[in-house]
Amino acid sequence: MSEDVFKKIVSHCKEYGFVFQSSEIYDGLSAVYDYGQMGVELKNNIKKYWWDSMVLLHENVVGIDSAIFMHPTIWKASGHVDAFNDPLIDNKDSKKRYRADVLIEDYLAKIDEKINKEVEKAAKRFGDSFDETMYRQTNPRVLENQAKRDEVHARFAKALNDSNLEELRQIIIDCEIVDPISGTRNWTEVRQFNLMFSTEMGSTADGAMKVYLRPETAQGIFVNFLNVQKTGRMKIPFGIAQIGKAFRNEIVARQFIFRMREFEQMEMQFFVRPGEELEWFAKWKETRIKWHKALGFGDNKYRFHDHEKLAHYANAATDVEFEMPFGFKEVEGIHSRTDFDLSSHEKYSGKKIQYFDPELNKSYTPYVIETSIGVDRMFLSVISASYAEEVLEDGETRVVLRLPAALAPIKLGVLPLIKKDGLPEKAREIIDTLKFDFKCQYDEKDSIGKRYRRQDAIGTPYCVTVDHQSLEDNTVTIRYRDTMEQERVAIDKLSAIIADKVSMKNLLKTIG
Ligand code: GAP
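Numbered according to numbering that gives the first Met the number 0, the sequence shown spans residues 0 to 511.
Written out as structure tokens, the structure is:
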């Protein structure tokens, strides 16, 4: 899918009430978004799918909802105060700020693009006899570019590993990277910039305390480990799940809701015996990829990206990547975090955070497997994979969101053929019986064809049309979004027909 289609998806999200730019009438706030009347329904359904898959399907996973504000020492213990940084550089002419690592990554991507273009050109020239591997190994221009890329990449990886900011700047200078706006190479030093937002709690006269907006929900789980374990009489292995807002002062915020400053996470920390963590890591990888694939977008849309460079506290980590319109991108992280967080909180708080294992008859600090997925990124992946433009037999184009029925904001559109003769009343009667189970939408404006298109555009899996015959024999025409087929059915059969496809329970059964 191209960038072009991505632009269309972004405008579709706005036009049909899924996602709006925050503070739009004040020209917007960068990288902050609001969910509209359709967006909030889809988002809630995604959250329900995740929540139920965790706390209903796993007897040993329970949920919590911790506060966004937490004691500031928590962020010292977690390492965020000292290490949750991005290396930034300013251009003195444009006065714009950039992430130094992203400037270098973009530069490397451009070399890759150059090499690929060269290869593509040759493939066209040579046709079937083209041997790509041989070409890459022997063509002087490709070899030259590849050598340059490898050299810069090696310097870059080392500079990041050593947190060597001077070297990062030197790479930018040596590669003659220019500011895309001013076109100049007038760069400042590279500085570390902490991504946490801070504010003050309490009045200044009393001595206000600096507090942070949480950059992840996970720490709320770690600091409640003992509360939940003791009050819930939880036995290891067990998990704690949470959905909530997180905040990061992202510098390079682009690609719509992919990278936001205020976003939502669905995280689960699974506490296990030390030594058993890699086995559980493998199990959760499998459970999570099954959850993604059950949505039916196609298994080829997903891949794991195992981390080569691990954080100092992790002994395994992988990303679930999804094929977004702009390439495969991380949607979820699965991490084996050892006992780093609990041990660190024990040290900083001075409170013993251990678990007495009755089977082993000893106490220990549990190890942790974390699954962490962004609600907004999941939302973007669902919308992108569902968006389709179809040319119909009559030559018209219809835009349809092929959303999994269980996630669709509206399950049923109810459309009286005309606005009189008692048809609107009959349509309302249908909604009044079904509204307890399904989100229904009544629509009487414009032709039936136009109304179908509007429901297609928001992904409504079913529409029923109420006509004069409905008054006589209590039947309606049901129309299916994906096939556009229509059939006559009894009104009292509607509930069962719809329930079968839109039920979250049936979706959960495919993974439970
Ligand atoms: N507790 C682990 C953690 O927070 P992370 O990889 O930094 O790990 C987990 O974030 C997930 O949160 C990501 O896979 C992504 O889906 C989402 N996420 C992170 N930063 C985001 C941002 N700026 N905007 C939207 N989603 C974000």
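Glycine included, each C-beta is placed from N, C-alpha and C at the ideal position.
For this session: Would you mind working out which of R450, I220 and K94 sits nearest S181, comparing C-alpha positions?
Result: S181 has its Cα closest to that of K94, out of R450, I220 and K94.
Problem set entry | Three CB pairs or more closer than 8 Å across the segment 71-83 and the segment 326-344 | Segments in contact, yes.
Exercise. E369 to G332, Cα distance in whole Å?
Worked result: Taken atom to atom, the span from the alpha-carbon of E369 to that of G332 is near 8 Å.
For this session: Can you check DSSP and say which residues form a bridge with Q454?
Result: For Q454, no pairing in a beta bridge is given by DSSP.
For this session: Kindly indicate the opening and closing residues of the alpha helix (DSSP H) around C12.
Result: From DSSP, the alpha helix (DSSP H) with C12 extends over E2 to E14.
Exercise. For the beta strand (DSSP E) that contains V367, what are its first and last residues?
Worked result: Start and end: Y366 to G373.
Exercise. When burial is assigned at 16 or more other CB atoms within 10 Å of the CB, is E307 buried or exposed?
Worked result: Looking at its Cβ environment, which holds fewer than 16 other Cβ atoms inside 10 Å, E307 is exposed.
Exercise. Which one or two residues does DSSP pair with L87 in a beta bridge?
Worked result: In the DSSP output, where bridge partners are listed per residue, L87 has R98 and R190.
Problem set entry | Same chain, Cβ closer than 7 Å to R336, neighbours up to 5 away in sequence not counted | Within the same chain, R336 has close Cβ partners Y312, A313, V367 and E369.
Exercise. Based on Cα-Cα distance, which residue from E424, N248 and L277 lies nearest to A84?
Worked result: Note that residue 84 is Asn in the sequence shown, not Ala. Checking every option, the nearest Cα to that of N84 belongs to N248.
Exercise. What residues in its chain sit with their C-beta under 6 Å from that of R450, if we drop five residues either side in the sequence?
Worked result: So the list reads L414 and D442, once near-sequence residues are dropped.
Problem set entry | Proximity below 8 Å, CB of V330 to CB of I372 | Yes, the pair counts as a contact, with Cβ atoms nearer than the cut-off.
Problem set entry | Under 8 Å between C-beta atoms of Y32 and I256 | Against a cut-off of 8 Å, the Cβ pair of I256 and Y32 comes out as a contact.
Problem set entry | Continuous beta strand (DSSP E) stretch holding G295: start and end | Careful: G295 lies outside any beta strand (DSSP E) and carries neither H nor E.
Problem set entry | Own chain residues within Cβ distance below 6 Å of F68, not counting five before or after | Cβ within range, chain order: V210.
Problem set entry | Three-state secondary structure (DSSP) of H57 | Residue state for H57 is assigned as coil, using DSSP reduced to three classes.
For this session: Measure the alpha-carbon distance for A97 versus L87 and round it to whole angstroms.
Result: For clarity, residue 97 is Tyr in the given sequence; the question names Ala instead. If you draw a straight line from the Cα of Y97 to the Cα of L87, it is about 6 Å long.
Problem set entry | Coil, strand or helix - S383 by DSSP | Secondary structure of S383 (DSSP, three-state): helix.
Exercise. How would you label F303, buried or exposed, when you count the other beta carbons within 10 angstroms and need 16 or more for buried?
Worked result: Exposed, because fewer than 16 other Cβ atoms sit within 10 Å of the Cβ of F303.
Exercise. Quick one, are the C-beta atoms of F339 and F270 less than 8 Å apart?
Worked result: When the beta-carbon positions are compared, F339 and F270 stay at least 8 Å from each other.
Exercise. Does any heavy atom of the ligand GAP sit closer than 7 Å to the C-beta of R213?
Worked result: R213: no, Cβ never under 7 Å from the ligand GAP.
For this session: Check whether the segment 259-274 touches the segment 43-59, taking contact to mean three or more Cβ pairs, one atom from each stretch, closer than 8 Å.
Result: Yes: the two stretches touch, three or more of their Cβ pairs being nearer than 8 Å.
Exercise. Under 8 Å between the Cβ atoms of K213 and A245?
Worked result: Before going further, note that residue 213 is Arg rather than Lys in the sequence given. Yes. Within cutoff.
Problem set entry | Straight-line gap, D111 to V118 (C-alpha atoms, nearest Å) | Each residue's Cα considered, the two are about 11 Å apart.
For this session: With a threshold of 7 Å, establish whether the CB of V9 neighbours any heavy atom of the ligand GAP.
Result: No, the Cβ of V9 stays beyond 7 Å of every heavy atom of the ligand GAP.
Exercise. Taking DSSP as the reference, what is the three-state secondary structure of L159?
Worked result: DSSP places L159 within a helical segment (H, G or I) once states are collapsed to three.
Exercise. Who are D305's beta bridge partners in DSSP?
Worked result: DSSP output for D305 lists T317 as bridge partner(s).
For this session: Would you give the residue range spanned by the alpha helix (DSSP H) that L506 belongs to?
Result: For L506, the enclosing alpha helix (DSSP H) starts and ends at M503 to K508.
Problem set entry | Whole alpha helix (DSSP H) elements within the segment 217-302, 4-residue minimum | Listed in chain order, the complete alpha helix (DSSP H) runs (minimum 4 residues) inside the segment 217-302 are 217-221, 224-230 and 276-292.
Exercise. Taking 7 Å as the cut-off, is the CB of A376 close to at least one heavy atom of the ligand GAP?
Worked result: What sits at residue 376 in the sequence shown is Arg, not Ala. True, at least one ligand heavy atom lies under 7 Å from that Cβ.
Exercise. By DSSP, does R478 sit in helix, in strand, or in coil?
Worked result: The DSSP-derived three-state label of R478 is strand.
For this session: Note the first and the last residue of the continuous beta strand (DSSP E) segment covering L359.
Result: According to the DSSP assignment, L359 belongs to no beta strand (DSSP E), since it is labelled neither H nor E.
For this session: Taking the CB atoms as reference points, tell me whether G458 and A407 lie closer together than 8 Å.
Result: Cβ distance < 8 Å, so G458 and A407 count as in contact.
Exercise. If you drop the 5 nearest sequence neighbours on each side, which residues of the same chain put their C-beta closer than 6 Å to that of I176?
Worked result: Closer than 6 Å at the Cβ level, and outside the excluded window around I176, lie L102 and Y106.
Exercise. For the ligand GAP, any of its heavy atoms closer than 7 Å to the Cβ of S77?
Worked result: Checking the Cβ of S77 against the ligand GAP gives no.
For this session: Report the residue from F192, W283 and I477 whose alpha carbon sits nearest the alpha carbon of I250.
Result: Per the Cα distances, F192.
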